[in-house]
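Colleague: From first to last, the protein sequence lines stand for chains A and B.
Mapping to the numbering used here: the first sequence position 40 is 310, numbers consecutive.
Mapping to the numbering used here: the second sequence position 126 is 111, numbers consecutive.
Yeah, the Cβ is synthetic: ideal placement off N, Cα and C, and Gly gets one too.
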Amino acid sequence: MLLRETIFYLMIVVIGTGGELCVTRAMKTIGEVTDFRPASIFRVVIRAMKVGWMWLGLAQMTLAFFALLGMLSLENVSLVIPVSALSYAIGALGGKFFLGERVTKQRWAGVLLVCVGVALVFIGKG
Amino acid sequence: MTPAGGLRVKTYLLISLMALFGPLGDVLLSKGMKRVGPLSSWAPADILRFFQATFTSSIVWLGIGSLFTFLIAYMLVLSWADFSYVQPASSMAYGVVAFLGYLLLRETVSTLRWVGIAIICAGVFIVGHTSPRTTEC
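Take a look at the structure:
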């Protein structure tokens, strides 16, 4: 794999997941959304935009998005997107240590299977 | 419906929206970016040309719109559900994206890659049978 592809994948997986963790933290600050009318959803989005973690998360997700655009100009979508599922391992670790979630053995087993699947998708690149 | 049942239904509903709009956005972006072509060099002029071609593509904007819908559904579900639940549970999208890539973009998907995607979905199934929330909102 070329250096350019490696950098793009790392940005998608590491920075992208970091962004998702920050967005999660912001949304947990807002609290559970129970009203799904468009005006209420709009108000939730505005409230979320006032949380610092949201902006940090969106900035990281934007960077990861540009890396995704770069990767999609080089490789097939049926390879790029499944390989980016490696972020699940980082996400589970981030969920445990950054967000204080209780990641059960069953959930770890699922994450491990996802990683095995990603490895096969990558090997099956042909 | 019990509160736990209601929580599960609205979680599944939003994850289904994510599984639809996420892959659709990825496939549209892929189609758009294949037309734009890869970045030829890291020279500022080439980077500028790359971004100009990318953001004047209507297919790319359709993809962005679809991914924005995905993001809203994602933000909403994250307001109550665990990140380590939602993230793998939404990975059924990997099967959908490969299928759409095969169907709409005529991509070659090897048997091994299909097996890998099936295993990803099995992982998703296991994660989906854990509680969506382990922390207090």
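Counting along the chain, where does the alpha helix (DSSP H) carrying residue 301 of chain A start and finish?
Modeller: For the purposes of this step, residue 301 of chain A is taken as residue 31 along the first sequence, with counting starting at 1. That residue, residue 301 of chain A, is in no alpha helix (DSSP H); it is neither H nor E in DSSP.
Colleague: Please classify residue 319 of chain A as buried or exposed, where buried requires at least 16 neighbouring CB atoms within 10 angstroms.
Modeller: In the first sequence, counting from the first residue as 1, residue 319 of chain A sits at position 49. The residue in question, residue 319 of chain A, is exposed, as its Cβ has fewer than 16 Cβ neighbours within 10 Å.
Colleague: Tell me whether residue 40 of chain B sits in a helix, a strand or coil according to DSSP, three-state version.
Modeller: Residue numbering aside, residue 40 of chain B sits at position 55 when the second sequence is read from its first letter. DSSP places residue 40 of chain B in helix when its eight states are reduced to three.
Colleague: Within this structure, are the beta carbons of residue 64 of chain B and residue 297 of chain A separated by less than 8 Å?
Modeller: What you label residue 64 of chain B is simply residue 79 of the second sequence in a count that begins at 1. What you label residue 297 of chain A is simply residue 27 of the first sequence in a count that begins at 1. Their beta carbons are under 8 Å apart, which means residue 64 of chain B touches residue 297 of chain A by this criterion.
Colleague: Would you call the segment 46 to 54 of chain B and the segment 272 to 287 of chain A in contact, with 3 or more CB pairs under 8 Å?
Modeller: Verdict: no, contact absent.
Colleague: Give a yes or no on whether the C-beta atoms belonging to residue 384 of chain A and residue 105 of chain B are separated by under 8 Å.
Modeller: In the first sequence, the residue the question calls residue 384 of chain A occupies position 114. In the second sequence, the residue the question calls residue 105 of chain B occupies position 120. Yes; because the gap between Cβ atoms is below 8 Å, this pair is in contact.
Colleague: Taking only beta-carbon atoms, is residue 33 of chain B less than 8 Å away from chain A?
Modeller: Position 48 of the second sequence holds residue 33 of chain B. For residue 33 of chain B, the answer is no, since every Cβ of chain A falls outside 8 Å of its Cβ.
Colleague: Going by DSSP, what residue range makes up the alpha helix (DSSP H) through residue 361 of chain A?
Modeller: Stepping through the first sequence from its first residue, residue 361 of chain A is reached at position 91. Where residue 361 of chain A is concerned, the enclosing alpha helix (DSSP H) stretches over 357 to 367.
Colleague: So residue 7 of chain B packs on residue 387 of chain A, CB below 8 Å; how close in whole Å?
Modeller: The residue you call residue 7 of chain B lines up with position 22 of the second sequence. The residue you call residue 387 of chain A lines up with position 117 of the first sequence. That pair is no contact at about 17 Å.
Colleague: Who are the near neighbours of residue 77 of chain B in its chain, counting only those whose CB is closer than 7 Å to its CB and skipping five residues on each side?
Modeller: The residue labelled residue 77 of chain B in the question sits at position 92 within the second sequence. So the qualifying residues of the chain are 4, 106 and 109.
Colleague: If the cut is a Cβ gap below 9 Å, which residues of chain D does residue -11 of chain B touch?
Modeller: Looking at the structure shown, chain D is missing, and the protein chains on hand are A and B.
Colleague: Could you tell me whether any Cβ in chain A is nearer than 8 Å to the Cβ of residue 104 of chain B?
Modeller: Residue numbering aside, residue 104 of chain B sits at position 119 when the second sequence is read from its first letter. Yes, residue 104 of chain B lies at the interface with chain A (some Cβ there is under 8 Å from its Cβ).
Colleague: Of all the options B/59, B/36 and B/16, which has the alpha carbon lying nearest to the alpha carbon of residue 346 of chain A?
Modeller: Against the first sequence, residue 346 of chain A aligns to sequence position 76. Comparing Cα positions, the closest option is B/16.
Colleague: Tell me the start and end of each unbroken alpha helix (DSSP H) in the segment 14 to 94 of chain B that is at least 4 residues and wholly inside, in chain order.
Modeller: Listed in chain order, they are 29 to 40, 43 to 63, 68 to 74 and 78 to 89.
Colleague: Taking only the alpha-carbon atoms, compute the straight-line gap between residue -7 of chain B and residue 81 of chain B and give it to the nearest angstrom.
Modeller: For the purposes of this step, residue -7 of chain B is identified with residue 8 of the second sequence, where counting begins at 1. For the purposes of this step, residue 81 of chain B is identified with residue 96 of the second sequence, where counting begins at 1. Distance between the alpha carbons of residue -7 of chain B and residue 81 of chain B: 22 Å.
Colleague: Leaving aside the five residues before and after residue 69 of chain B along the sequence, list all residues of the same chain whose C-beta is less than 6 Å from its C-beta, in chain order.
Modeller: By one-based count along the second sequence, residue 69 of chain B stands at place 84. Counting only Cβ-Cβ distances below 6 Å, and skipping sequence neighbours, we find nothing.
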